[in-house]
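Read the structure below first, then the notes.
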Amino acid sequence: AYGEVRRGYLGVSILPVEAERAEELGLEDIRGVYIDEVQPGSAADRAGLRDGDVVTSIMGESVNAPNDLQSLLARKRPGDTVAVGVWRGNTEQVYDVALMGEDTPVYQNWLSDLRSGPSSDSETPSYRPPDDSSNDTSVTEIDGWDIGLRALTTAEESTFGVDAGAYVAYVESGGDAAAAGLPRNVVITRIDDVPVDTPSDVVEHLAGATGPILVRVQRRDGTPAFYEID
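For the sequence shown, this note's numbering gives the first residue as 20, with consecutive numbering after it.
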């Protein structure tokens, strides 16, 4: 993580393409990954990618899931140009995207915004035990990522629409998780496609990890998001 070769980033938040979304977008098959947000000023933005595009390929290699996109970009460096296949308006297009590093000012600002979060209460981390005292609310520090995780309360399971997972109580500045864009106040539900039921599952998985890890989280609005953490 520290002192390693820098990686190049598109600067987008992505979601899987599900059957209903594929139909809405005019895709005959369930394929690609949906761009939920393009960071203004990012590599993707400069190349012309937009919110709502579907990335279908990288350098001619098919993209059918978020981990496909992450894997194809994992060895790319800042300054590398990649051909990104995009589905937009019922047509396939290809954009040449010059990747940017996480130390680029626009990405630093983005990560700073993610760490500070919006002013709304729903995005504010809380260390106060909820009224449901039957749940364990102790925070587990994940040193490698510089984040704090705790078990979900019954109320949070209902809010996020999940049965299990690890709640992200805080994300510290300068850590690998912050660099990847992981926000607080989300629930980690899978790591490298392995279900996460409790914070201890994350600890166990990290103990045996040897490379970048793909993290799936559930947001309060019920939508998933994916982050690759070195």
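Quick reminder that beta carbons are idealized off the backbone N, C-alpha and C, glycines included.
- Task: Taking His224 as the reference, give the member of Arg239, Ile207, Gln237 with the closest Cα.
- Result: For this step, residue 224 is matched to residue 205 along the sequence shown. For His224, the nearest C-alpha among the options comes from Ile207.
- Message: Just verifying my parser: in three-state terms, what is the DSSP assignment at Thr229?
- Response: The residue given as residue 229 occupies position 210 in the sequence shown. Three-state DSSP puts Thr229 in coil, outside helix and strand.
- Output the residue ranges of the beta strand (DSSP E) runs that lie fully inside the segment 158-193 and measure 3 residues or longer, sorted by chain position. Taking only runs of at least 3 residues, the beta strand (DSSP E) segments lying wholly in the segment 158-193 are 159-161, 166-170, 185-190.
- Task: Give the secondary structure of Ser61 by DSSP, where H, G and I count as helix, E and B as strand, and everything else as coil.
- Result: Mapped onto the sequence shown, residue 61 falls at position 42. It is coil, neither helix nor strand.
- Message: Using a Cβ-Cβ cutoff of less than 6 Å, which residues in the same chain neighbour Glu191 once the five nearest sequence positions on both sides are dropped?
- Response: Residue numbering aside, residue 191 sits at position 172 when the sequence shown is read from its first letter. Asp165.
- Message: At the level of alpha carbons, what is the spacing between Val74 and Val31?
- Response: What you label residue 74 is simply residue 55 of the sequence shown in a count that begins at 1. What you label residue 31 is simply residue 12 of the sequence shown in a count that begins at 1. Those two C-alpha atoms are separated by around 11 Å.
- Item | Between the CA atoms of Ala183 and Tyr28 - distance to the nearest angstrom | Position 9 of the sequence shown, counted from the first residue, corresponds to residue 28. Position 164 of the sequence shown, counted from the first residue, corresponds to residue 183. One C-alpha to the other measures close to 31 Å.
- Query: Would DSSP call Asp115 helix, strand or coil?
  - Reply: For the purposes of this step, residue 115 is taken as the residue at position 96 of the sequence shown. DSSP places Asp115 in strand when its eight states are reduced to three.
- What residues match up with Gln237 in a beta bridge as DSSP calls it? Working through the sequence shown from its first residue, we reach residue 237 at position 218. Looking at the DSSP output, Gln237 shares a beta bridge with Val206, Pro243.
- Task: Quick one: using the 10 Å Cβ neighbour count with 16 as the cut-off for buried, is Ser4 buried or exposed?
- Result: Examination of residue 4 is not possible in this model, given that the chain is present from 20 through 249 alone.
- Task: In the DSSP assignment, find the unbroken alpha helix (DSSP H) run with Ala196 in it and report its ends.
- Result: For this step, residue 196 is matched to residue 177 along the sequence shown. Segment 195-199, the alpha helix (DSSP H) holding Ala196.
- Do you know offhand how far Val52's Cα is from Gln58's? Taking the sequence shown and counting its residues from 1, one reaches residue 52 at position 33. Taking the sequence shown and counting its residues from 1, one reaches residue 58 at position 39. Looking at the two C-alpha atoms, the distance is approximately 16 Å.
- Euclidean distance between Cα positions of Asp240 and Phe179: Position 221 of the sequence shown, counted from the first residue, corresponds to residue 240. Position 160 of the sequence shown, counted from the first residue, corresponds to residue 179. Taking the straight line from one Cα to the other gives about 7 Å.
- Message: Between which residues of its own chain and Gly79 is the CB-CB distance below 8 Å, once the five residues before and five after are set aside?
- Response: Residue numbering aside, residue 79 sits at position 60 when the sequence shown is read from its first letter. Closer than 8 Å at the Cβ level, and outside the excluded window around Gly79, lie Ala102, Gly104.
- Message: Starting from Leu3, trace the beta strand (DSSP E) in both directions and tell me its first and last residue.
- Response: Beyond the ends of the chain as shown, which are 20 and 249, falls residue 3; an answer cannot be given.
- Message: According to DSSP, is Asp85 part of a helix, a strand, or is it coil?
- Response: As a position in the sequence shown, residue 85 is number 66, starting the count at 1. With the sequence shown as reference, residue 85 is identified as Pro, and Asp is not the correct amino acid for it. Helix.
- Message: Pull the bridge partners of Val101 from the DSSP assignment, please.
- Response: Working through the sequence shown from its first residue, we reach residue 101 at position 82. DSSP lists Val116 as partners of Val101.
- Does DSSP put Asp150 in a helix, a strand or coil? As a working note, residue 150 is residue 131 in the sequence shown. Because the pLDDT at Asp150 is just 38, under 50, the model does not fix this residue reliably, and the value given afterwards should be weighed accordingly. Correct three-state label for Asp150: coil.
- Message: My output table needs one value for Arg40: the three-state DSSP class, helix, strand or coil.
- Response: Here residue 40 refers to the residue found at position 21 of the sequence shown. Three-state result, Arg40: helix.
- Within the 8 Å Cβ cut-off, does Thr229 reach chain D? Although the question refers to chain D, the structure presented lacks it and comprises just one protein chain.
- Look at Leu171 and Val158 and say whether their C-beta atoms are less than 8 Å apart. Taking the first residue of the sequence shown as position 1, residue 171 is located at position 152. Taking the first residue of the sequence shown as position 1, residue 158 is located at position 139. No, the Cβ-Cβ distance between Leu171 and Val158 is not below 8 Å.
- Query: Based on the DSSP output, what are the partners of Ile248 in its beta bridges?
  - Reply: Locating residue 248 in the sequence shown gives position 229, counting from the first residue. Partner(s): Ile232.
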